[in-house]
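**Q** In my numbering, the protein residues as written are 2 to 62. Sharing a structure, written as structure tokens. Questions coming.
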Amino acid sequence: MSDSIWLAIGLVLIVEGLGPLLAPNGWRNMVAQLSQQPDNDLRRIGGCLVVAGSVIAYFFA
């Protein structure tokens, strides 16, 4: 893998780790609420995140 991929993975891990680090109770509540959502809603959220990430990567690559 290129260095850019490893940098991107590292940045994702940093951003993902901020929630449980800074606000563990709020993060736990958010995860509990997400686990109660229907599959179609979770797919829609995931699709939006993928599209947003792709657009950002396209503009900054």
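Note that beta-carbon positions come from the ideal geometry of N, C-alpha and C, so glycine has one too.
With DSSP run on the structure shown, which of helix, strand or coil describes A62?
**A** coil
**Q** For A58, which residues from the same chain have a beta carbon less than 7 Å from its beta carbon, with the 5 sequence-adjacent residues on both sides left out?
**A** Cβ-Cβ distances below 7 Å link A58 to nothing in the same chain once the five nearest sequence neighbours on each side are left out.
**Q** Within a Cβ cutoff of 7 Å, which residues of the same chain sit near L19, ignoring the five residues on either side of it in sequence?
**A** Exclusion of the five residues before and after L19 leaves no residue of its chain whose Cβ lies closer than 7 Å to its Cβ.
**Q** Can you list, in chain order, the residues of its chain whose CB lies under 8 Å from that of W28, leaving out five sequence neighbours each side?
**A** So the qualifying residues of the chain are G20 and P21.
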